[in-house]
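Working notes, structure below.
Residue numbers (the numbering used here), protein chains in the order written: chain L, 455 to 774; chain F, 439 to 691.
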């Protein structure tokens, strides 16, 4: 059993929120200021899904601070989970699946760290984890569901069943997950933190409501008027947001719907490094891409502007 | 035309789908099967994909690698949040769900979590993803997989996605009121499950395959239906559609 009472303690989670100021004022600051709000040992819920709209700029800024004891949770965990493990930042991963995708095979880093017991790995079904965030977003301690019942996944986190008070049926009481911090990347936000997402919503709306602290990066900072012109498209209201940073290509080389495509060749080169040198391949990668660049712009420069422009052109082709 | 393993799975999977129905599908062979069905006998089939996509019209040559990238959303009718997509299945809107599987046992239980003990596994696998949800929530599930002895095992090391658990009515007793594994489509044939014991049973062989071959490549005692049939080989039309969709043969092999 690995779920901790603080993850589903809805009373404590609510008190924490009630104690927080909820200013409607400007949230815009630097990427580094946003990352500085994360404390060692925090549970971080990462937005997006696999290599889509991953808050990679925030993860980049965070790892540079050499944090320890973090928990990363995400619906489908891509290589940011490997970064966290190899960097020594993450002691536990909560997810339904880990890897990059079929062409890249099993995650050798997940294998190495989990098989040797160097990191705790807590597996849920995709909906199971989604309902954990949803329960927290709703302010309740659990949600009844038909998923995961009868499977060995029930024992992994310590799931319990509940008898329906009306029908007498057995349901999975999916425990809420109230993360300390949500890391989210969006296409558009105004300086007050009102966020609009294009394309896939993934689970970002729920994790923003579930977490005690919300950090957002945006491809574009737009005017308050532009948000007010299409308020129906706002998925995270500004009063939920604690810190906002402008981060163009903030998911790159992962994709950002409508803005830029992913770079599968870069993933292949990254995985080749692991095939050759195991975790040292990731350590070398982190040195070159995360620790060495002086700024996120310098990180992006390693890929080149022409390559980013091509990724942007492919995205336009795929979404228009 | 010679046929690859994935082409065979896509064709046989497609033939299991009905028109005017809904399918919860994944990338790879399930995606190929679903689109093939749409382009042949089931034009009014609606697809949903795990990343939160309803009714996409995938672009030939630009098929998705993941279930939540832009290619998967191409010309979709709706992009719901992931949790809401799965909740449509829990509500009962999905007739068929497709999944794959690293390890499968005689009761249709699937393991995609770990080989060897779970806490300190010999091989840690990626995990459930949406497979557990699909098998728990769709009206029926079709498993598409290459037929290999190491996959077809007496008892899975870990039940990631529940088939009929220990057989009989154990699935229902665990609270899984709906659904179940209807078919296991492999590179050798098509399997169903005995209505009472819920043990896997060979219903049809693909052309050229034999019962002996199935026994040789299966790690448990296979029941054989008294009405054993043979499937019709993939047609030139079916293969041409698959090859038009995937000209670089990324998914059909």
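Note that CB positions come from ideal geometry on N, CA and C, so glycine has one too.
Being a predicted model, the structure only gives us computed values, none of them experimental.
For residue 557 of chain L, the C-beta contacts it makes with chain F under 7 Å involve 503, in order along the chain. With 16 or more other Cβ atoms from the protein chains shown falling within 10 Å of its own Cβ, residue 591 of chain L counts as buried. By the CB criterion at 8 Å, residue 679 of chain F and residue 477 of chain F fall inside the cutoff. For the alpha helix (DSSP H) assignment, the uninterrupted runs of no fewer than 4 residues enclosed by the segment 594 to 634 of chain F are, from N- to C-terminal side, 608 to 611. Each residue's CA atom was taken as its position, placing residue 654 of chain F and residue 640 of chain F some 14 Å apart. Under the Cβ criterion (8 Å, minimum of three pairs), the segment 639 to 655 of chain L counts as touching the segment 504 to 521 of chain L.
For the C-beta of residue 694 of chain L, not a single chain F residue is nearer than 7 Å; the gap to the nearest is close to 16 Å. At the C-beta level, residue 628 of chain L and residue 663 of chain L stay beyond 8 Å of one another. Here the C-alpha atom of residue 564 of chain L lies approximately 7 Å from the C-alpha atom of residue 552 of chain L. At least 8 Å separates the CB of residue 492 of chain F from every CB of chain L. Among the residues of the segment 496 to 527 of chain L, those with a Cβ less than 7 Å away from any Cβ of chain F are 503, 504, 505, 506, in the order of the chain.
Segment contact: the segment 540 to 549 of chain F against the segment 749 to 757 of chain L, fewer than three CB-CB distances shorter than 8 Å; contact not assigned. Taking C-beta atoms as the reference points, residue 524 of chain L and residue 544 of chain L count as a pair closer than 8 Å. Under the 8 Å Cβ criterion, the segment 506 to 515 of chain F does not count as touching the segment 598 to 618 of chain F, having fewer than three qualifying pairs. Contact residues of the segment 569 to 587 of chain F toward chain L are 570, 571, 574, 575 (C-beta to C-beta distance below 7 Å). Per the coordinates, the alpha-carbon of residue 621 of chain F lies some 20 Å from the alpha-carbon of residue 650 of chain F.
As DSSP reads the structure, residue 492 of chain F sits in a beta bridge with F:486, F:516.
Contact note: residue 720 of chain L does not reach chain F at a C-beta cutoff of 9 Å; the least C-beta distance is about 14 Å. In this chain, the beta strand (DSSP E) harbouring residue 629 of chain L covers 624 to 629. At least one beta carbon of chain F lies nearer than 8 Å to the beta carbon of residue 606 of chain L. DSSP assignment within the segment 465 to 525 of chain L yields the following whole beta strand (DSSP E) runs of 3 residues or more, N-terminal first: 497 to 500.
Burial state of residue 626 of chain L is buried, judged by a 10 Å Cβ sphere holding 16 or more other Cβ atoms. Nearest CB-CB separation between residue 659 of chain L and chain F: below the 8 Å threshold. Below the 7 Å Cβ cutoff, chain L contributes 580 as neighbours of residue 488 of chain F, in chain order.
At a cut-off of 8 Å, the C-beta of residue 508 of chain F has a neighbouring C-beta in chain L.
For residue 656 of chain L, no pairing in a beta bridge is given by DSSP.
Under the three-state reduction of DSSP, residue 679 of chain L is assigned to helix. Annotation for residue 468 of chain F: the continuous alpha helix (DSSP H) segment containing it runs 467 to 477. Put simply, the CB of residue 551 of chain L is near chain F, with a gap under 8 Å to one of its CB atoms. Residue environment: residue 460 of chain L is assigned as exposed (fewer than 16 neighbouring CB atoms within 10 Å of its CB, all protein chains considered). Exclusion of the five residues before and after residue 520 of chain F leaves 488, 489, 490, 506 as the residues of its chain whose Cβ lies within less than 8 Å of its Cβ. Membership of residue 690 of chain F in any alpha helix (DSSP H) is not indicated, and neither H nor E is assigned to it by DSSP. If you check the CB distance, residue 667 of chain L and residue 616 of chain L do not come in under 8 Å. In summary, residue 531 of chain L is buried, with 16 or more beta-carbon neighbours lying within 10 Å of its beta-carbon over all protein chains present. Put simply, the segment 571 to 591 of chain F touches the segment 525 to 537 of chain F. At least three CB pairs are less than 8 Å apart.
No Cβ of chain L is located within less than 8 Å of the beta carbon of residue 622 of chain F.
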